[in-house]
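Colleague: Numbering (our numbering), first residue to last: 0 to 929. Built from N, CA and C at the ideal position, the CB exists for glycine as well.
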RNA sequence: GCGCCGGUGGCGGAAUUGGCAGACGCGCAGGGUUUAGGUCCCUGUGUCCAUUAGGAUGUGUGGGUUCAAGUCCCACCCGGCGCACCA
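What follows is the structure, given as C-alpha cells:
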C-alpha cells in the first residue's frame, strides 16, 4: 500500500466512503429511486406512494454560476434533503427537485468576461452544477429539473405574461379578471371611459389605448431607474439606498422612459393581509410589510392662491396645529404658485438671501437636484426656502406660509405636507431653523420635556376635537373633511408598480409586437414561444448618463420584424425589443416542477391541486436565503395571486412555510497592507495568525474568491467523503443560523461514521459482525429514547441535536465491548439514513436487506421504554444543589421526601435545623428551605 | 433614529411548562496500543480556592419576581440584519 496506511482494509475512510457513495449514486439513478409519482400525466406510475399524503419541499433554485460551488452553497440543499428523506420514511409522497435560474444579468456578465455565448456558457454551468450536486447524494427527482432558459419553460413564462397583459383589476370584486370583460363593460357603459365620451364614439386606436391603460402588464412613460453602467433600467427593488445598482454597484439615474410595468400595487392589500396565513418568520413578514408600506390617513385639500394642493397625512387630527406647508422641490405646482416678489414683511431667514421667490426657488431646486440620495442621508440639517405665498388651512382659514424643502419627497404621498411641528419631530426641527410657529394639538404627559410629542393623548387647541384621544380625533376630523369636501380618507403605499423590462439580451423576449399605431399587441398563444434569436453581438454597451438604453435585440435584424396574420391578413409587425427581468422565471418555477413535460398547459389542474393543496395551501416547505425577502418572494406571491384570480391555480399563496437558512462564514485573513491571503496557508499559534511567517489579522465573512477563503465540496470528498460533509454541515448548528466553517472540525463527523461502521462491520474483513441476541433492557431504553428525540428533532429541522442523540447511542455501543445486537444496529442505521444516505444504504444492504433504505419505515419509539426504572433526583437546600438520590421513576412525593431526608449529606445539613418549606416535584427535584 | 434577531467554556453549540447549566462535537491535557509519528481506544477538561474530602462562583451589565431564573419582568450595554426625513 502506498502511504503508510497500516489501517485496516475496510476502515471507513475517505476512499471507502467514495466507493460506497459512487455505487449508490448510480444505483439510485438507475432505479429512479427519487421519482415522485404524479396523480396523472407522464409522471404517473403504478407506485402505491401516490396514496400517501403528499409533501412538496423546495429550495430556492440557484443561479448556475461558472465558478462552481463552495461548501457554503449546499447547506440549505442538504437540509431539505435530510428532511425530505425523513418524510419519505414516515409515509409521505415527497416531491423534491432542483432547477436552475439561468437567465439574467449575472449569466450575461459572465459570458461577457469569457467571450462565450450565454447559451453555451449557461448549459456548461448547469451540467457542472448538476454533477456537483449529484455527488452530494441529494435525492432529487431529476425528471422534474427545469431551467428558466429552456425553450419549453420560457414558453410558459411568456404565457403567464400574456395572462397579465390580458387582465385588468376589478376593484369592486377585488380580483383580476379577463380583459374582454372590461371591454364589454366599457361598451355597455357600466364603466366610464374617462374621456368624457362614450365607448361608441371612440375610434379603434383610442379604444385600444384605453384598454391598455387597465392591463396588469402595461406600458408606461414614467421616471425609472436608468443604470448606464449595466446598460439597462432596473426595478426599485434592485436599487440600493445609496442610489446604486444592487448588482455591480453602478450609479443609477432617475429618468422618464417608456417601459413595461406590472400592476403589483393593485395587490398591495392582499399581499399584506395574506402574510397572516403564512408560516414565515416575523423578520421576513416585517420586511415585506415595510416594503409595501401601507399607511392610513387623509388627503386634505389646501387652497393656495387660485390652486388646490393635496396633502397626505396620517395625522388628520393635528390639522389645527398645521403652521406651515412644505412641497417637494420637484413638485409640479411650484411654478404656478410662486409670485414675482416677496410679500410684505417676509423674514430675511426665509429668503436665503434672494431678491425674488422665483430666484430663490430655482436656486434651491438646483441644489436639491445635485444632492445624491447619499448626501441627503448625511446632511440631515433641515434646509429649504419660502415660496413667497400662503396656503389656507381648511378647518380655521388660517394663512400658513408655503416652503419648499428636500425633506419632503416627491415619490411618497402627494409630494406635499402640512407641517405640524408640535407632533412631528422633522417639522419641529424645520420650524426651529426658520423660526416658525409651533402649536401643540395633543396634550403631552406632565413629565414630558421633549420637543415634538408623537404619542397618544387628549387633543388641545383643536376646537371640536378637544379632549378626544388620537384615534377618535382622526375619525372625527376625517368625517368633517369629507362632509365639507375639504378632504377624503386615504391610504397610501410605498410599493410602486414593478418595472418589468430590461435592455438585455439574456432574458425572455416579450410575446408582444407593435402595429402601425405603435400599440402593443399580444402574440397569440399558439405562436408561443417567441424564441430568443441567436445573436453574436449580444454584449450590452456601457453607456453614459445621458444616453438612451439600447436593447441588444435591436441588433437582431432578421428578428426585429415579423409577418403574422392576426386577423387582418398577413402583415408586418415590429417586435418588442426588451427582455424580461431575471425574476420572471423564478416567479413561477415551482409550478413547472409539478408537471414539467406538459405541452398543453403550464401545469395540469389535477396535478397542481394534488401538490399545492394543504392547510393554507402552497409549497409545504421552502428553504432559502433571507436576501430574497422582498424581491423574489414578493413578485412570486403577486404572480401567484394573479394566476389564482384567473383560476389557473388553486391556492392564494405559493409558499406556505418559509425557512431561511443561515450562511456559512469562513475566517479570512489580511496582511499588513490589508490584502487578503490564502486562508488555507495561514497558521495559528496561541491565538496569533501568521501567513508565511508574517502576522495577519482575522475576521469572518462570506466564503468566496475575493476573501480567498473558499473550501470546495470536492476537497471535502477527497478528505472525508460526501456523507461526512453532509453530516458536518448539519451538525454545525441550527439550520437558520450563520456559522463559521472549520475544516479541522470535520473530522469529528467522520469519526462518528467510522465508529458506527466499526460497531457493525469487521474492519479487517468488511463483513457484518453483529449479535443476534436481544440487547439488555437498559440499552433498549436508550435506543427508544434516542428514536423519540431524533423523530422530534427531524420534524423540527433540528438536525444538530438529532446527530448529538445518535452519537450518544453509538457511544453506548462502543462501550459495550460486545458485538452490537441486530435490533440496535438496524435502528441506528435507519436513524442515520436521512443524514448520510450512502453509508446507510451500504450498511442496510450488509444487514441483509435487498431493497433501498430510502423507503424503509423510520423507527418508532415504544412509549413503555421511554421511562427509566430508576431516576436521579437532585436535592437542593435553599435552592442550591447539595446531593442527588436515585429512586424508582414512579416514586411518590412522600417517598421522595423521606428518601431525600435519609440521604447522608442532607441529613447532616438539616439535622439540627428547622425546615421552613419543602418543595417536592415528583420526578424532578426536592428543595428544602431552612 | 425606528424595527427585528441575538449575546452561554479556548471554539461550534445543548438545555419542554422556570426545576441538576455546559448535552454532542472540535481543541487541549494525561494514559493505553504502536519501533516511532499518525490512526484507534480510555480518562479528564467553565472559572477560582483546596493535597484530598470538599467549597465558592458562574449564562452581556444592573435591579426585580420566585423555594428555584440562561429561561419571566424592568432598565441598560454590545453585536448582526432590515428600514431610514414615508408625512
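1. Restricting to Cα atoms, I'd like to know which of 647, 555, 885, 854 is closest to residue 611.
2. Tell me which same chain residues have a C-beta within less than 6 angstroms of the C-beta of residue 726, skipping the five on either side of it?
3. Taking buried to mean at least 16 other C-beta atoms within 10 Å of its own C-beta, is residue 447 buried or exposed?
4. Can you name the residues that DSSP bridges to residue 302?
5. Taking residue 54 as the reference, give the member of 656, 410, 564, 500 with the closest Cα.
6. Report the start-end ranges of each alpha helix (DSSP H) in the segment 479-530 that is 4 residues or longer and not cut off at the edges.
7. Report the three-state DSSP secondary structure of residue 556 (helix, strand or coil).
8. Look at the Cβ atom of residue 297, then the Cβ atom of residue 477, and state whether they are nearer than 8 angstroms.
9. Taking only the alpha-carbon atoms, compute the straight-line gap between residue 842 and residue 225 and give it to the nearest angstrom.
10. Work out the CA separation of residue 393 and residue 488 for me, nearest whole Å.
11. Keeping to the same chain, check which residues put their C-beta closer than 6 angstroms to that of residue 412; ignore five residues upstream and five downstream.
12. Taking 8 angstroms as the threshold (C-beta atoms), are residue 928 and residue 915 in contact?
13. Do you know how far the Cα of residue 832 is from the Cα of residue 775?
14. For residue 888, which of helix, strand or coil comes out of DSSP?
15. Report yes or no: do three or more beta-carbon pairs, one from the segment 61-72 and one from the segment 802-820, lie closer than 8 angstroms?
16. Enumerate in chain order the residues of its own chain whose CB-to-CB distance from residue 744 is below 6 angstroms, with the five nearest sequence positions on each side excluded.
17. For residue 887, does the count of other Cβ atoms within 10 angstroms reach 16, so buried, or fall short, so exposed?
18. Quick one: give me the first and last residue of the alpha helix (DSSP H) that residue 104 is part of.
19. Using only the alpha-carbon positions, how far apart do residue 17 and residue 760 sit?
20. To the nearest angstrom, report how far apart residue 875 and residue 493 are at their CA atoms.
21. Under three-state DSSP, which class holds residue 237?
22. For residue 24, which option in 838, 570, 382 has the closest C-alpha, if you only look at C-alpha atoms?
23. What do you get for residue 236, buried or exposed, if any count of 16 or more other CB atoms within 10 angstroms of its CB means buried?
24. Mind the definition here: the segment 514-529 touches the segment 461-478 only if three or more C-beta pairs lie below 8 angstroms; say whether that holds.
25. On a Cα-Cα basis, can you pick out the residue from 797, 785, 921 that is closest to residue 864?
26. First and last residue of the beta strand (DSSP E) that includes residue 96?
27. Can you grab the Cα-Cα spacing for the pair residue 563 / residue 510, in whole Å?
28. Just to check my reading of the structure: residue 555 and residue 519 have Cβ atoms closer than 8 angstroms, yes? What is that Cβ distance to the nearest angstrom?
29. Starting from residue 285, follow the alpha helix (DSSP H) in both directions and report where the run begins and ends.
30. Check whether the segment 397-413 and the segment 378-389 are in contact - that is, three or more C-beta pairs closer than 8 angstroms.
31. Quick check on the DSSP output: the alpha helix (DSSP H) that includes residue 822 runs from which residue to which?
32. In whole angstroms, give me the CA-to-CA distance for residue 138 and residue 850.
33. Figure out for me which residue from 442, 10, 473, 326 has the closest Cα to the Cα of residue 308.
34. Please give me, in chain order, every unbroken run of the beta strand (DSSP E) with length at least 3 that falls completely inside the segment 153-241.
35. Can you grab the Cα-Cα spacing for the pair residue 922 / residue 878, in whole Å?
36. Taking 8 angstroms as the cut-off, decide whether the C-beta atoms of residue 93 and residue 502 are in contact.
Modeller: Reading from the atomic positions:
1. By one-based count along the first chain, residue 611 stands at place 612. Of the candidates 647, 555, 885, 854, the one whose C-alpha sits nearest the C-alpha of residue 611 is 647.
2. Against the first chain, residue 726 aligns to sequence position 727. Taken in chain order, the residues that qualify are 748, 834, 835.
3. One-based indexing of the first chain puts residue 447 at position 448. Per the 10 Å Cβ criterion, exposed.
4. Start at 1 with the first residue of the first chain, and residue 302 comes out as number 303. Residue 302 is bridged to 307, 391.
5. As a first step, residue 54 must be located in the first chain, where it is residue number 55. The residue among 656, 410, 564, 500 with its C-alpha nearest the C-alpha of residue 54 is 656.
6. Every candidate alpha helix (DSSP H) stretch fails here, since none sits fully inside the segment 479-530 while reaching 4 residues.
7. The count along the first chain starts at 1 and reaches residue 556 at position 557. Assigned with DSSP and collapsed to three states, residue 556 falls in helix.
8. Here residue 297 refers to the residue found at position 298 of the first chain. Here residue 477 refers to the residue found at position 478 of the first chain. In this structure, residue 477 lies closer than 8 angstroms to residue 297 by Cβ.
9. As a working note, residue 842 is residue 843 in the first chain. As a working note, residue 225 is residue 226 in the first chain. Looking at the two C-alpha atoms, the distance is approximately 59 angstroms.
10. Within the first chain, the letter at position 489 stands for residue 488. Within the first chain, the letter at position 394 stands for residue 393. Near 15 angstroms, if we compare the C-alpha coordinates of residue 393 and residue 488.
11. For the purposes of this step, residue 412 is taken as the residue at position 413 of the first chain. Cβ within range, chain order: 311, 491.
12. Here residue 915 refers to the residue found at position 916 of the first chain. Here residue 928 refers to the residue found at position 929 of the first chain. Contact: yes.
13. Indexing the first chain from 1 puts residue 775 at position 776. Indexing the first chain from 1 puts residue 832 at position 833. Distance between residue 775 and residue 832, taken at the CA atoms: about 24 angstroms.
14. Position 889 of the first chain, counting from 1, holds the residue named residue 888. For residue 888, the secondary structure class from DSSP, reduced to helix, strand or coil, is coil.
15. Not touching, per the Cβ criterion.
16. On the first chain, residue 744 is found 745 positions in, with the first residue counted as 1. Nothing meets the Cβ criterion.
17. Your numbering for residue 887 matches position 888 in the first chain. It is exposed - the Cβ of residue 887 has fewer than 16 other Cβ atoms within 10 Å.
18. For the purposes of this step, residue 104 is taken as residue 105 along the first chain, with counting starting at 1. Residues 104-113.
19. The sequence position of residue 17 within the first chain is 18, counting from 1. The sequence position of residue 760 within the first chain is 761, counting from 1. As the crow flies, the alpha-carbon of residue 17 is around 17 angstroms from that of residue 760.
20. To locate residue 875, count along the first chain from 1; it is residue 876. To locate residue 493, count along the first chain from 1; it is residue 494. Approximately 59 angstroms between the Cα atoms of the pair.
21. As a working note, residue 237 is residue 238 in the first chain. Looking at residue 237 - three-state DSSP - the assignment turns out to be helix.
22. Within the first chain, numbered from 1, the residue matching residue 24 stands at position 25. Residue 24 has its Cα closest to that of 838, out of 838, 570, 382.
23. Within the first chain, residue 236 is the residue found at index 237, counting from 1. Residue 236 counts as buried, since no fewer than 16 other beta carbons sit within 10 angstroms of its beta carbon.
24. Because the criterion of three Cβ pairs below 8 angstroms is not met, the segment 514-529 and the segment 461-478 do not touch.
25. What you label residue 864 is simply residue 865 of the first chain in a count that begins at 1. Residue 785 is the option with its Cα nearest to residue 864.
26. One-based indexing of the first chain puts residue 96 at position 97. Taken as a continuous stretch (DSSP letters only), residue 96 belongs to no beta strand (DSSP E), as it is neither H nor E.
27. Translated into positions along the first chain, residue 563 becomes position 564. Translated into positions along the first chain, residue 510 becomes position 511. So the alpha carbons of these two residues sit roughly 13 angstroms apart.
28. Working through the first chain from its first residue, we reach residue 555 at position 556. Working through the first chain from its first residue, we reach residue 519 at position 520. No, residue 555 and residue 519 are not in contact; Cβ-Cβ is about 19 angstroms, not under 8 angstroms.
29. Locating residue 285 in the first chain gives position 286, where the first residue counts as 1. In this chain, the alpha helix (DSSP H) harbouring residue 285 covers 281-291.
30. Contact between the segment 397-413 and the segment 378-389 is present, because at least three Cβ pairs lie under 8 angstroms.
31. In the first chain, residue 822 corresponds to position 823, counting from 1. Where residue 822 is concerned, the enclosing alpha helix (DSSP H) starts and stops at 821-831.
32. Against the first chain, residue 138 aligns to sequence position 139. Against the first chain, residue 850 aligns to sequence position 851. Straight through space, the alpha carbons of residue 850 and residue 138 are spaced by roughly 16 angstroms.
33. Residue mapping note: residue 308 aligns to position 309 of the first chain, counting from 1. Here the closest residue by C-alpha is 326.
34. Segments of the beta strand (DSSP E) lying fully in the segment 153-241: 166-169, 174-177, 216-226, 231-233.
35. Residue mapping note: residue 922 aligns to position 923 of the first chain, counting from 1. Residue mapping note: residue 878 aligns to position 879 of the first chain, counting from 1. In a straight line, the C-alpha of residue 922 is about 17 angstroms away from that of residue 878.
36. The residue you call residue 93 lines up with position 94 of the first chain. The residue you call residue 502 lines up with position 503 of the first chain. Taking 8 angstroms as the cut-off, the Cβ atoms of residue 93 and residue 502 do not count as close.
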